[in-house]
Structure formats: C-alpha cells, structure tokens
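Residue numbers (the numbering used here), protein chains in the order written: chain A, -13 to 95; chain B, 915 to 1118.
Now the structure itself:
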C-alpha cells in the first residue's frame, strides 16, 4: 500500500467538488482556479487541472464562454450549468457529512 | 550561438531559441501521446498550450525570446504526462485501453500485395515475415495445389485494410479508437485458427 496513492485518491474526490465550488462563484478563469487550488495545496502540477475541467464540461456540469482580455488572446471563463449547481450542492452535503463523520470517529479514539 | 525562430503558440507569435523549441515540441508530443485516447484530448492540449503561452508572456519583456530555461520552468509548473495521469486518474484508463486483450482481426494488407494481400495479412496477424508466409504458401501450392482455391476464398472473405494504421491495429491488439471505428464498418471477424484448419484440410 502506497501512501502517496491513497493521498492522491483522497484528494481526487475532493478536487472535483472544489473546482465546482470555485466555478460557482460566477465566471472564473482557469488560471485563477489553478491559483486557488495551488494555494490550498490541492494540486501540485497545473497540468492536472485541464483534463478535469474538460471532463466536468463534457459531463454537462461546467460550461465556458470566451471573453476578451486586456493582455493576450481571449480566455475561457468557466461557470456552473444548472446540473452543475445541483451536483455541487449534493457534493457539499456529502462533504459536510463526511467531515462530521470523520471528526466524530477520530475524536472517539 | 543559437538560432532564434518564431513560432505560433496558441495563436500568438513567440520568438524562441531553437533548442528551447525542440524541448517544447518534445514535451507537447509526449502530452499528445498521453491524451490521444482521452475524450476531448485535443481541447485539453489546446488549454495547456494556451496556459504555457500565458506563462511565457508573463515573464517576457520586449524583444526578449524564450530560452531553454523558460521552457523547463513551464514544464515543471505544468507537470509531465505521467504527473497528469497519476493525479487525475486518467492514466489507468489509458493503459487499460492498450492492455485490454482484444480479439485480433484479420485483414488483407492492400499496401503489400502480390495478388490480394492474403499472405501479408496472415503474416501481420501472426507477426510473421510476409515473405516467409508467401514461400510457405507457394510450397503448399507446389505440393498439393489446393491452396490456390483456398487463396481465392480467403481473398473474397478477408476484408481489406489499405492503411498503415490497419497494421498497427492488428499488431497492437488494441486499436486507437479512430481506427476502430473505421474498421468496425467493414470488418468481418474470421478467426485464423479456422483459416489454418481450412488450409490444412485442403492440403490433406
């Protein structure tokens, strides 16, 4: 059993929830999502985010719009679809339940 | 002394050192290979390319060019193909596609024919040298004569594949998704054991 493997599995599940939560803030730019995730130490390398964003978009949870930017070419701004909002709410519930359960459990020991 | 070239990176012109360009294209190729079987792989690559361009422009000042150092910094930030797979969990799916044993399909190779490409197809299926298969076939004809009939039957029965990709498909067992759909339309499974039995039966 590899500790890094288990850690990355744990992070992976939470990562989708975090991305959706960040996108629920309105329209967000991928690089800002990265900055937030990095700050929270949820991702190590940036490249991992793009496949995830595309997968969430293909699943109909995220959508994006191209917007002009002051510096450089147009950028993709992500936001939640209706299905995404629902999905995110459910994940939020699950997360708080999980959080509570784990806390309770670890306190007992 | 190094040549500086101008490239189009995510739609923007960038001056880049030749050595740095080589490193960058090698990196992009490794990602391309990694995402070839991923849904919307092209889009992911475009996003990554755009992000790399953004990282470059953030550090560049006027008249500056991208050097090897810039490229290595960007690669460290983005992570290698392996990092992306491992953290995201795509890796296991990708290797799954390649390692899953899949029944091999028999095709006639239209790129390598004397008559109909039956021998080259059988050769590719078994990983044998085409000439060897042909020699064996000719020997069988000289000994018994009947394989000519078998050849004509096989010519008619085995679907043709005229693309190189078709051979890849046969040899690698797990074809790329694209080639798979190409072949799905006109493939006809014909287990080779059956063919060989047929040949043996005719000979005796």
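Every residue, glycine too, gets a C-beta built ideally from N, C-alpha and C.
Short CB-CB distance (under 8 Å) between residue i and chain A
i                       : result
residue 926 of chain B  : yes
residue 1103 of chain B : Because residue 1103 of chain B sits at a pLDDT of 42, beneath the cut-off of 50, its placement in the model cannot be relied upon, and the following sentence gives the value as read from the coordinates. Judged by the 8 Å Cβ criterion, residue 1103 of chain B is not in contact with chain A.
residue 954 of chain B  : yes
residue 965 of chain B  : yes
residue 998 of chain B  : yes
residue 971 of chain B  : yes
Residue i burial status per 10 Å Cβ neighbour count (16 or more: buried)
i                       : result
residue 1010 of chain B : Residue placement at residue 1010 of chain B is poorly supported in this model, since its pLDDT is 39, which falls under 50; the coordinates still yield a value, given next. Its Cβ having fewer than 16 others within 10 Å, residue 1010 of chain B is exposed.
residue 35 of chain A   : buried
residue 55 of chain A   : exposed
residue 962 of chain B  : buried
residue 1 of chain A    : buried
residue 1089 of chain B : Residue placement at residue 1089 of chain B is flagged as unreliable, the pLDDT there being 41, under the threshold of 50; the coordinate-derived value follows with that caveat. With 16 or more other Cβ atoms within 10 Å, it is buried.
residue 95 of chain A   : exposed
residue 1023 of chain B : buried
residue 1031 of chain B : buried
residue 53 of chain A   : exposed
residue 931 of chain B  : buried
residue -8 of chain A   : exposed
residue 1013 of chain B : Bear in mind that a pLDDT of 42 at residue 1013 of chain B, under 50, signals an unreliable position, so the number given afterwards is only what the model happens to contain. Residue 1013 of chain B comes out exposed.
Limits of the beta strand (DSSP E) - the one that residue i falls within
i                       : result
residue 1055 of chain B : It is not in any beta strand (DSSP E) - residue 1055 of chain B instead sits in the alpha helix (DSSP H) that spans 1044 to 1057.
residue 54 of chain A   : Here residue 54 of chain A belongs to no beta strand (DSSP E), and DSSP marks it neither H nor E.
Endpoints, the alpha helix (DSSP H) within which residue i is located
i                       : result
residue 936 of chain B  : 932 to 949
residue 1064 of chain B : 1061 to 1071
residue 993 of chain B  : Run containing residue 993 of chain B: none; DSSP gives neither H nor E here.
residue 95 of chain A   : Run containing residue 95 of chain A: none; DSSP gives neither H nor E here.
residue 44 of chain A   : 35 to 44
residue -4 of chain A   : -11 to 9
residue 1032 of chain B : 1032 to 1040
Contact with chain B by residue i, beta-carbon distance below 8 Å
i                      : result
residue -13 of chain A : no
residue 67 of chain A  : no
residue 46 of chain A  : no
residue 17 of chain A  : yes
residue 31 of chain A  : yes
residue -8 of chain A  : no
residue 36 of chain A  : yes
Coil, strand or helix - residue i by DSSP
i                       : result
residue 29 of chain A   : coil
residue 923 of chain B  : strand
residue 1022 of chain B : strand
residue 69 of chain A   : helix
residue 17 of chain A   : helix
residue 963 of chain B  : helix
residue 1074 of chain B : strand
residue 77 of chain A   : helix
residue 929 of chain B  : strand
residue 974 of chain B  : coil
residue 47 of chain A   : coil
Original post:
Should the stretch 992 to 999 of chain B be regarded as contacting the stretch 943 to 951 of chain B, the criterion being three or more beta carbon pairs within less than 8 Å?
Top reply: Yes, they touch.
Original post:
So, do the stretch 38 to 50 of chain A and the stretch 64 to 71 of chain A have three or more beta carbon pairs nearer to each other than 8 Å?
Top reply: Touching, yes.
Original post:
What residues from the stretch 60 to 87 of chain A come within 7 Å of chain D, judged by C-beta to C-beta, listed N to C?
Top reply: Checking the listed chains, one finds no chain D in this structure; the protein chains it contains are A and B.
Original post:
Is the stretch -5 to 14 of chain A touching the stretch 26 to 41 of chain A in the sense that three or more CB pairs, one from each, lie closer than 8 Å?
Top reply: Short answer: they touch.
**OP:** Check whether the stretch 1025 to 1041 of chain B touches the stretch 975 to 982 of chain B, counting contact only when three or more Cβ pairs, one atom from each stretch, lie closer than 8 Å.
**Re:** No, because fewer than three Cβ pairs between the stretch 1025 to 1041 of chain B and the stretch 975 to 982 of chain B fall closer than 8 Å, the two stretches do not touch.
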